[in-house]
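Scroll down for the structure; my scribbles are underneath it.
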Amino acid sequence: MRIGIFGGSFNPIHYGHVAVARGVLASGLVDEVWLMVSPRNPLKREADLMPNRRRLSLARKAVEGIDGVKVSDFEMHLPVPSYTYLTLRRLREEYPDAAFSLVIGADNWLAFSRWAHPEEILLTTPIIIYPRRGSDIDPSTLPEGVTLLEMPLYDISSTQIRQGTV
């Protein structure tokens with residue numbers, strides 16, 4: 001089973017997240033997409049974060065009935081802060097028959113060198129990048145194992161929703 005791990009705060013989840021999950025699934029690169037609701041992103045402020053249970057509940061409702069898209073609380077059972085390389089290690093231990101890919105936005109790819117142990121992630125896990133406005137990537141510069149998807153851009157963010165600017 002090929003599983004795309006789409007991690008995020010999902011604070012809150014919105015149609016852009018759901019569209020990305022559907023687009024990754026439709027790409028044929030994975031058989032399932034797991035929305036990995038993060039308890040805390042080490043690169044983001046925690047002050048505006050809704051409670052874990054609330055974010056999980058909203059995410060589950062948002063993808064209810066979408067075949068191949070699931071919500072996971074796996075990372076919530078790991079030490080905080082949650083670092084992607086450790087989450088991927090634990091997933092491979094827990095699900096040895098699964099082939100995991102990491103799904104990230106172009107904005108995150110441009111900041112990828114600031115992540116904890118990016119070289120380990122690149123060596124062990126295929127990366128699927130979805131486009132984000134203002135985060136342009138030249139596909140010819142991507143290393144082996146990193147794929148840039150072509151899909152529509154969605155002008156919405158969780159920050160805009162929290163600030164009431166959508």
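Each residue of the sequence shown is one higher than the one before, counting from 1 in my numbering. By construction, the Cβ of each residue, glycine as well, lies at the ideal position given by its N, Cα and C atoms.
Pair within 8 Å by beta-carbon distance, residue i and residue j
i: valine 80; j: alanine 21; result: no
i: leucine 35; j: serine 72; result: yes
i: glycine 8; j: histidine 14; result: no
i: valine 69; j: valine 37; result: no
i: proline 143; j: leucine 122; result: yes
i: alanine 111; j: tyrosine 130; result: no
i: threonine 84; j: tryptophan 109; result: no
i: proline 39; j: serine 82; result: yes
Cβ-based neighbour list, residue i, same chain, cut-off 6 Å, excluding 5 preceding and 5 following
i: valine 103; result: Gly4, Phe6, Val24 and Ile128
i: alanine 167; result: Examination of residue 167 is not possible in this model, given that the chain is present from 1 through 166 alone.
i: arginine 53; result: none
i: leucine 91; result: Phe100
Nearest candidate by alpha-carbon position, reference residue i, set the options
i: threonine 125; options: Asn52, Pro12 and Ala99; result: Ala99
i: glutamate 150; options: Pro96, Leu91 and Ala26; result: Ala26
i: isoleucine 66; options: Ser140, Asp31, Arg2 and Arg133; result: Asp31
Alpha-carbon to alpha-carbon, residue j and residue i
i: methionine 76; j: methionine 50; result: 14 Å
i: leucine 56; j: phenylalanine 74; result: 11 Å
i: isoleucine 137; j: alanine 19; result: 20 Å
Segments of 4+ residues assigned as alpha helix (DSSP H) that fall wholly inside the stretch 66-126: With a minimum length of 4 residues, the continuous alpha helix (DSSP H) runs that stay inside the stretch 66-126 are 84-94, 106-110 and 118-124.
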